[in-house]
Structure formats: structure tokens, C-alpha cells
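J.: Sharing a structure here in C-alpha cells format.
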Amino acid sequence: MLFDFQAVFAKMEYKMIKKRMRQGKVAGAKKGMWTNGSPPYPYIYNRATKQIEVDADKLKIYREIVDKYILGMSTLEIAINLNRRCIAPPYVGKRNKYGWSHVTVHRLLINEIHLGYIIYGKSRNHRGTPQLVDKEDWIKVKGEHEPVKTEEEHEQILARIAQNAIIPRKCRVGTLPLSGLLYCSKCGRRMQFKRRETKNGSYWTAMCVYAYPDGTKCDQVGRKLDDAFYKALYQKITKIDEQTLELVDEINEQYQELQALCEMKQKELAQTEQAIENLFELYEDGKIPKQRLSDRIAGHEKTKAELEAEIEKCKTALASQVNLVTVEMVKRRIDEFKNLWLNATDPSDQNSAFRLLIERIVYDRKDDGLRLDVLYK
Ligand SMILES: [Zn+2]
Numbered sequence: 001m002l003f004d005f006q007a008v009f010a011k012m013e014y015k016m017i018k019k020r021m022r023q024g025k026v027a028g029a030k031k032g033m034w035t036n037g038s039p040p041y042p043y044i045y046n047r048a049t050k051q052i053e054v055d056a057d058k059l060k061i062y063r064e065i066v067d068k069y070i071l072g073m074s075t076l077e078i079a080i081n082l083n084r085r086c087i088a089p090p091y092v093g094k095r096n097k098y099g100w101s102h103v104t105v106h107r108l109l110i111n112e113i114h115l116g117y118i119i120y121g122k123s124r125n126h127r128g129t130p131q132l133v134d135k136e137d138w139i140k141v142k143g144e145h146e147p148v149k150t151e152e153e154h155e156q157i158l159a160r161i162a163q164n165a166i167i168p169r170k171c172r173v174g175t176l177p178l179s180g181l182l183y184c185s186k187c188g189r190r191m192q193f194k195r196r197e198t199k200n201g202s203y204w205t206a207m208c209v210y211a212y213p214d215g216t217k218c219d220q221v222g223r224k225l226d227d228a229f230y231k232a233l234y235q236k237i238t239k240i241d242e243q244t245l246e247l248v249d250e251i252n253e254q255y256q257e258l259q260a261l262c263e264m265k266q267k268e269l270a271q272t273e274q275a276i277e278n279l280f281e282l283y284e285d286g287k288i289p290k291q292r293l294s295d296r297i298a299g300h301e302k303t304k305a306e307l308e309a310e311i312e313k314c315k316t317a318l319a320s321q322v323n324l325v326t327v328e329m330v331k332r333r334i335d336e337f338k339n340l341w342l343n344a345t346d347p348s349d350q351n352s353a354f355r356l357l358i359e360r361i362v363y364d365r366k367d368d369g370l371r372l373d374v375l376y377k
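Here you go:
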């Protein structure tokens, strides 16, 4: 047998160096030194002191984010507001070309580094594959840097996030017949219900209030939820025409294919994002020169943009797909629905009736009228 000893030794040496570096990082982290590459907003890294420092201008913005969130503003509203005012996002032009997003804001809000901690060892390399480490095994020590939020504020933030996750929307605003079921065909987001007051009384309307991260609003046109609307919906739900029945299987198949495609693209996107992160880390550690970093980032960014566009397309297509399970199932459920609907005495009962049968209703208002697509459970 022949061995390429040179290669084997090179590999061993590389592993050794990596191990020592990791140990150095852990030791540094244990002493409260910053060893993690670029620090989160509003901190900046000082190479001379090997510490992270607070950037005064960024701190103002950061504090505003914390205060507004605690006061009840959503992460999305905060992001849109920052973009409107042209406040530079944490990574200008590279990792965050759309400016602030609700994800950026969310990540900043939950970060424990801002409490004055240094966290190390969130992931490790296991035989070449990166793995996530359980939270209790993270190395978390008090750092030398200045905290920018208090423990109380952090608790309040976590409490609000937990609350938003647990309490469904309908409990917060009162249940309407279509609560949680009506989705916009244009942006794929859930539509909202607003009460309108007029001289002749008040009524409910359905509208899309979604705004993209750059602040542009979804241009879906809202509609009054009057008797005519519910009648049309009832007709749509209870009468499945022959053509629809024939389409059932075909559509089911298409839907699943599209879903698989979407998942695949999302996986690729995550990999690309990881690759970008890795490059930044290599650069921060001085392992690759700046020119090489920007060359390679450019390639990844292009792939990322393409993937994001494809995922957006997939999602829009998925949101507007009609997916019937089996004809018999739907027919049986429709009978149950009719029964429940006719006996419903309040909006909450009506909502239960819809939920029995329907996964979602996709709303699309065009010049020639309203189109409702029903996705059965
Ligand atoms: Zn919309």
C-alpha cells in the first residue's frame, strides 16, 4: 500500500493547529476576552485591547430598539421604522442588503452578549461536520465589555417573545369567523380584520397590512365582510364542481412537489449563509486576505439572492395553491361544516366550523372581483 505521507502529515498538522487555536479561544473566552470575531451591534472590536467596545451612535439605536420593543412595538415595525430613517443596519451592503429585518432585530434583542457576557462554544466541529451544542454546554462568562441592557430588560424581552409565541392572535383581538384563516395571495401573509365605523353603524373589513422589509406595503385591496361576502364563501366551500374534483389529485401532487422544492432551496440558502459566515470568521481570524474574502463573498451573495428570489416565488405559489385531500373526505367534512355553520350562534362558533374544514382561504381581489381559493384540511 502506498501512502501520501506528505498529505497525511499536513492534515495532522492542520488538525493540531486547529485544536490549539480552539483551546486558545476557549482559554481566552474563560478569561473574559473577546474571541468570537465580529461582535454584535452596537459593539465594535478593538484589536489593540482585544476587547469589544460600545459605539456611541450605534448604542442610541440599540437602546431605542430595546425600549420600543418593551413598550410594545413589534420587531417588524421597529425594522421598518429604522429603514425609513435610513439607519445603517449591522452589516451594510453585504450580509444585509435589504437593511434591517425583523430577524435582525429579534436576534439583537435576545443576545446575551449585551448583558455583558461572552458566549463561546455554540457549535463544534465533529469529524468535519459542524454541530450545534446544547445551551447548557455553552461557555458563558462575564466579559470585560460594558453591558448595554439590564437583566430586567432581558427578562421583559424574553417574556414578550414567549407571550407572542403562545397566545394566538384570536385571543388577543377577539375571534371572528375567519380569524387565522384568511391569507393574502400577493404576499402570502395572514390578513387582518379591522372594524370600520360609519354613520349607519359599523362593519368588519379584511385587509392586508403587510409591509416588506423596505417599507413598501402589500398592494392587496381590502374588502368589506358583509353578508354577500360570507354567502359567496359559503357557496365556494360547499359546492365543489366536477372540474375541481378532477383536479384534486393533480393539484395535490403539484403542491407536494413545490413544497419539496421550497424545502430544498431553503436548505441551500442556509448552507450559503453558513458559507458566508465561515468566510467572515476566516477573515476575522486573519486566515484569508480581504480581496479573497470579497471575491468569494460576491459569488455567495449572488447565489443567495437567486435562492431568496426562488424561495419567495415558491412560497407565493404555495400560498395560492389549492390542495384537496380526498374527495370523500372533503364531502363528508362539508356536510359537517354545513351542520355546524347553520347552528352557529356567534363568530367563535362560525370560526370553529370553518376550522373543521379549512386549512386556509387565499384572498385575491382583482379588478373583476374577489377570488377566494380554499385549501381544505
Ligand atoms: Zn398581502
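Residue numbering for the sequence shown follows the UniProt record's numbering, starting at 1 and increasing by one per position. Where a beta carbon is used, it is the ideal one built from N, C-alpha and C, also for glycine. As the structure is a prediction and not an experimental result, all values here were calculated from the model.
#1: Is the beta carbon of Lys186 within less than 8 Å of some heavy atom of ligand 1?
#2: Going by beta carbon distance, what residues of the same chain come within less than 7 Å of His106, once the five residues before and after it are set aside?
#3: Verify the contact flag: Arg223, CB atom, against every heavy atom of ligand 1, threshold strictly below 8 Å.
#4: Would you say Arg360 touches ligand 1, meaning its beta carbon is less than 8 Å from a heavy atom?
#5: Report yes if the C-beta of Arg196 is less than 8 Å from at least one heavy atom of ligand 1; otherwise report no.
#6: When the distance is taken between beta carbons, is His145 closer than 9 Å to Ile118?
#7: Looking at the structure shown, is Lys315 part of a helix, part of a strand, or coil, going by DSSP?
#8: Report yes if the C-beta of Arg189 is less than 8 Å from at least one heavy atom of ligand 1; otherwise report no.
#9: If the criterion is Cβ atoms closer than 9 Å, does the pair Leu182 and Arg360 meet it?
#10: So, Arg223 versus Tyr210, is the Cβ gap smaller than 9 Å?
#11: Is it buried or exposed, Arg365, if we count other Cβ atoms within 10 angstroms and call 16 or more buried?
#12: Decide if the segment 295-306 is in contact with the segment 335-349; the criterion is three or more beta carbon pairs, one per stretch, under 8 Å apart.
#13: Bridge partners of Ser202, per DSSP?
#14: With a CB to CB cut of under 6 Å and the five nearest residues on each side skipped, what residues in its chain are close to Leu176?
#15: For the putative contact between Asp285 and Asn83, defined by C-beta atoms under 8 Å, what is the C-beta separation to the nearest angstrom?
#16: Going by CA-CA distance only, name the one from Ala79, Pro90, Pro289 that's closest to Tyr212.
#17: Around the C-beta of Ile167, are 16 or more other C-beta atoms found within 10 angstroms, so that it is buried, or is it exposed?
#18: Tell me whether Asn351 is buried or exposed, calling it buried when 16 or more other Cβ atoms sit within 10 Å of its Cβ.
#19: Give me the DSSP bridge partner(s) of Gln192.
#20: Applying the criterion that 16 or more other CB atoms from any shown protein chain within 10 Å of the CB defines a buried residue, is Leu86 buried or exposed?
#21: Would a C-beta distance cut-off of 9 Å place Cys314 and Cys262 closer than the cut-off?
#22: Hey, would you say Thr303 sits closer than 9 Å to Glu268, going by beta carbons?
#23: How many angstroms separate the CA atom of Gly201 from the CA atom of Tyr230?
#24: May I ask you to report which of helix, strand or coil DSSP gives Gln274?
#25: Once you ignore the five residues that flank Ala353 on each side, which residues in its own chain have a CB closer than 7 Å to its CB?
#26: When you compare the CB positions of Gln220 and Tyr363, do they come within less than 9 Å of one another, or not?
#27: Inspect the beta-carbon positions of Val66 and Ile157 and report whether they are closer than 9 Å.
#28: Measuring from the CB of Cys86, is there a heavy atom of ligand 1 at a distance below 8 Å?
#29: Is Cys184 helix, strand or coil when you go by DSSP?
#30: Is any heavy atom of ligand 1 found at a distance shorter than 8 Å from the C-beta of Cys218?
T.: In brief:
#1: Correct: Lys186 has its Cβ closer than 8 Å to ligand 1.
#2: These residues qualify, in order along the chain: Thr75.
#3: For ligand 1, not one heavy atom lies less than 8 Å from the Cβ of Arg223.
#4: No, since every heavy atom of ligand 1 falls outside the 8 Å radius drawn around the Cβ of Arg360.
#5: No.
#6: For Ile118 and His145, yes; Cβs fall inside 9 Å.
#7: Three-state DSSP puts Lys315 in a helix.
#8: Arg189 Cβ: within cutoff of ligand 1.
#9: Contact: yes.
#10: No; because the gap between Cβ atoms is not below 9 Å, this pair is not in contact.
#11: Counting Cβ neighbours within 10 Å, Arg365 comes out buried, since at least 16 surround it.
#12: No, the segment 295-306 does not touch the segment 335-349.
#13: Glu197.
#14: Non-local beta-carbon contacts of Leu176 in its own chain, meaning distances under 6 Å to residues more than five positions away in sequence, involve Phe193, Pro347 in chain order.
#15: Not quite, the Cβ-Cβ distance comes to about 32 Å (not below 8 Å), so this is no contact.
#16: Looking at the Cα atoms, Ala79 is the closest of the given residues.
#17: Note on Ile167: pLDDT 44, under 50, position unreliable in the model; the coordinate value appears next. That one is exposed.
#18: Under this definition Asn351 is a buried residue.
#19: Paired residue(s): Met207.
#20: The question names Leu, but residue 86 in the sequence shown is Cys. With fewer than 16 Cβ atoms within 10 Å of its Cβ, Cys86 is classed as exposed.
#21: Going by C-beta atoms, Cys314 is nearer than 9 Å to Cys262.
#22: A contact, by the Cβ cut-off of 9 Å.
#23: Approximately 19 Å between the Cα atoms of the pair.
#24: When DSSP states are grouped into helix, strand and coil, Gln274 belongs to the helix group.
#25: Counting only Cβ-Cβ distances below 7 Å, and skipping sequence neighbours, we find Phe337, Leu340, Trp341, Ala344.
#26: Yes. Within cutoff.
#27: Yes, these two residues count as a Cβ contact at 9 Å.
#28: No - ligand 1 has no heavy atom lying nearer than 8 Å to the Cβ of Cys86.
#29: Here Cys184 sits in strand by DSSP.
#30: Indeed, a heavy atom of ligand 1 lies less than 8 Å from the Cβ.
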